[in-house]
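There are 2 protein chains.
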Amino acid sequence: MIPPAKRIELLKVIAHPVRIKILEDLTQGVKCVSDFEESLDISQPNISQHLSLLRSHGSVDYFIDGRLKCYFLREPFIPELLELLKKEYDGDIPAPACCPVTKKGTYPGERRR
Amino acid sequence: MIPPAKRIELLKVIAHPVRIKILEDLTQGVKCVSDFEESLDISQPNISQHLSLLRSHGSVDYFIDGRLKCYFLREPFIPELLELLKKEYDGDIPAPACCPVTKKGTYPGERRR
DNA sequence: TAAAAATATAATAATGTTTGCATATAAATA
DNA sequence: TATTTATATGCAAACATTATTATATTTTTA
Chain A
2 MIPPAKRIEL LKVIAHPVRI KILEDLTQGV KCVSDFEESL DISQPNISQH LSLLRSHGSV
62 DYFIDGRLKC YFLREPFIPE LLELLKKEYD GDIPAPACCP VTKKGTYPGE RRR
Chain B
2 MIPPAKRIEL LKVIAHPVRI KILEDLTQGV KCVSDFEESL DISQPNISQH LSLLRSHGSV
62 DYFIDGRLKC YFLREPFIPE LLELLKKEYD GDIPAPACCP VTKKGTYPGE RRR
C-alpha cells in the first residue's frame, strides 16, 4: 500500500530546515511568533510565512492571546517523524545477494558494480 | 537536537509521489528500470531521472547485469520512513491546556481560537 | 485616541524542481 | 557489423518555492 498523496504533501512541507526547527521547538511546548524570532535568525515575515504554510497543512494551529499567537503542534505524525529523523544507523542496507529477478528474466551479462 | 542538514535534504528528495512509489517498490526487492516502466506510468527518461536523483543522495544503488541496471535500497532510514508514512492516527494532538508560556510573559488578552 | 507591539499579507525577484523531448551510450542479438 | 534493447543525459519550458521588502491588521498601552 502506497502512502496517500496527502501524507506525501505533508512530508514535503515538513522537509525544510526552518520548518523542521519550528516543529522541533514546538515539541517543547507552545511558542509564539516572537519566540521563534529569537531561535531562528530569519525575518519575522518569513517566520509568519513558514507558520502559515504549516498551519494550512494542519501541522500546527494557534490560540490567540492578546496580541500573541500561540502556536502548538497539531499533527500527530510529526513528533514521530522528528524522532525518526534523529535516529542513527550504522552502515547501509547490504546489497542483495544476486540479481536480477525481473519480468525480463535473467540476462547473460556479467554482474558488476 | 536538530536533525542535520543532510537528513533533511534526504527527506526532501524522498517527498515526491513518484520517488515514494519507486522506494516502495524497492522494499519488495531488486528492480530494474523497465520494471518501473510497468508500475509507474511515466516516461523512461523521467524514471531514470528520478532514479539518478535518488542515487546521488545515496538512497539507492544498482548492479549492472548485462544491459539491465538492477536497483536496490541502500539507505536504512528509508524503510522505516515508509512504514511511518503508512501509519494511521486517530485525531490530532490535543491543544495545550493554557497559553502562553513565552519569553514575553503572560499577556492579558482573552484566550481564543 | 495616538503610538507601539505583535503578527500577517502581498508583491516580487531569485532560485530550484519537474517534466518532456531529443539524443546518446552501452550491451546483446541477428 | 548493423540492429535492437535497456538505460542515461542534456537542454529547455513550465512550474513551484523561498526570501525580501513594504505595508496592513489587530491589540494593547500611554
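Just so you know, the sequences run in chain order A and B.
Residues 2 to 114 in the working numbering are what the first sequence spells out, letter by letter.
Residues 2 to 114 in the working numbering are what the second sequence spells out, letter by letter.
Heads up, the beta-carbon is just placed ideally off N, CA and C, and yes, glycines get one too.
For Lys-88/B and Cys-33/B, which I take to be in contact (beta-carbon distance under 8 Å), what is that distance rounded to the nearest angstrom? Here residue 88/B is taken as the residue at index 87 of the second sequence, counted from 1. Here residue 33/B is taken as the residue at index 32 of the second sequence, counted from 1. For a cut-off of 8 Å, the C-beta gap from Lys-88/B to Cys-33/B is around 30 Å, too long to register as a contact.
Between Ile-3/B and chain A, is there a C-beta pair that is closer than 8 Å? Here the question's residue 3/B lines up with position 2 in the second sequence. So, interface residue.
Are there any heavy atoms of the ligand MN lying less than 7 Å away from the beta-carbon of Gly-59/B, as far as the coordinates show? In the structure shown, the ligand MN is absent, as is every other ligand, since no ligand is present at all.
Can you find a C-beta in chain B that's less than 8 Å from the C-beta of Asp-93/A? Reading the first sequence from its first residue, position 92 is the one you call residue 93/A. Taking CB atoms only, Asp-93/A has a neighbour in chain B less than 8 Å away.
Please classify Lys-87/B: does DSSP put it in a helix, a strand, or coil? Within the second sequence, residue 87/B is the residue found at index 86, counting from 1. Lys-87/B: helix per DSSP, three-state reduction.
What do you reckon, are the CB atoms on Leu-27/A and Tyr-72/A nearer than 8 Å? The residue given as residue 27/A occupies position 26 in the first sequence. The residue given as residue 72/A occupies position 71 in the first sequence. Yes, they are a contact pair.
Throw me the rounded Cβ distance for the Ile-94/A and Pro-77/B pair, which I believe falls under 8 Å. Walking along the first sequence from the start, residue 94/A turns up at place 93. Walking along the second sequence from the start, residue 77/B turns up at place 76. About 5 Å separates the two Cβ atoms, so the contact holds.
Pop quiz: Leu-86/A and Leu-12/B are said to be a contact at Cβ under 8 Å. What is the actual Cβ separation, rounded to whole angstroms? For the purposes of this step, residue 86/A is taken as residue 85 along the first sequence, with counting starting at 1. For the purposes of this step, residue 12/B is taken as residue 11 along the second sequence, with counting starting at 1. About 7 Å; that satisfies the 8 Å criterion.
Residue range of the unbroken alpha helix (DSSP H) whose run includes Val-19/A: As a first step, residue 19/A must be located in the first sequence, where it is residue number 18. For Val-19/A, the enclosing alpha helix (DSSP H) has its first and last residue at 18-28.
Completely contained beta strand (DSSP E) runs for the region 41-77 of chain A, where each covers 3 or more residues: Here the runs fully enclosed are 61-66, 69-74.
Name, going along the chain, the residues of the region 22-56 of chain B whose beta-carbon falls closer than 8 Å to a beta-carbon of chain A. In summary, the residues of the region 22-56 of chain B whose CB is separated from some CB of chain A by less than 8 Å are Lys-22, Glu-25, Gly-30, Val-31, Lys-32, Cys-33, Ser-35, Asp-36, Glu-39, in the order they occur in the chain.
Just checking: is the beta-carbon of Lys-7/B within a distance shorter than 8 Å of some beta-carbon in chain A? The count along the second sequence starts at 1 and reaches residue 7/B at position 6. No - not a single Cβ of chain A is within 8 Å of the one on Lys-7/B.
Ala-96/A versus Asp-66/B - alpha carbon distance: Locating residue 96/A in the first sequence gives position 95, where the first residue counts as 1. Locating residue 66/B in the second sequence gives position 65, where the first residue counts as 1. When rounded, the distance between both Cα atoms is 14 Å.
Measuring alpha carbon to alpha carbon, tell me which residue in Pro-18/A, Lys-22/A, Glu-10/A is nearest Arg-20/B. Here residue 20/B refers to the residue found at position 19 of the second sequence. Of the candidates Pro-18/A, Lys-22/A, Glu-10/A, the one whose C-alpha sits nearest the C-alpha of Arg-20/B is Glu-10/A.
Under 8 Å, do Ala-6/A and Pro-18/B count as touching if we go by C-beta distance? Here residue 6/A refers to the residue found at position 5 when the first sequence is read from its first residue. Here residue 18/B refers to the residue found at position 17 when the second sequence is read from its first residue. The Cβ atoms of Ala-6/A and Pro-18/B lie closer than 8 Å to each other.
Report all residues from its chain with a CB closer than 6 Å to the CB of Pro-80/A; omit the five preceding and five following residues, and keep chain order. Here residue 80/A is taken as the residue at index 79 of the first sequence, counted from 1. If the five residues before and after Pro-80/A are omitted, its C-beta is found closer than 6 Å to the C-beta atoms of Thr-28, all from its own chain and listed in chain order.
Cutoff 6 Å; reference Val-31/A; Cβ partners in own chain excluding five residues on either side: The residue given as residue 31/A occupies position 30 in the first sequence. Within the same chain, Val-31/A has close Cβ partners Cys-71, Phe-73.
Over what stretch of residues does the alpha helix (DSSP H) that includes Val-14/A continue unbroken? Taking the first sequence and counting its residues from 1, the one referred to as residue 14/A is at position 13. Start and end: 6-15.
Can you give me the C-alpha to C-alpha distance between Gly-92/B and His-51/B, rounded to a whole angstrom? Residue mapping note: residue 92/B aligns to position 91 of the second sequence, counting from 1. Residue mapping note: residue 51/B aligns to position 50 of the second sequence, counting from 1. Cα-Cα distance, rounded: 34 Å.
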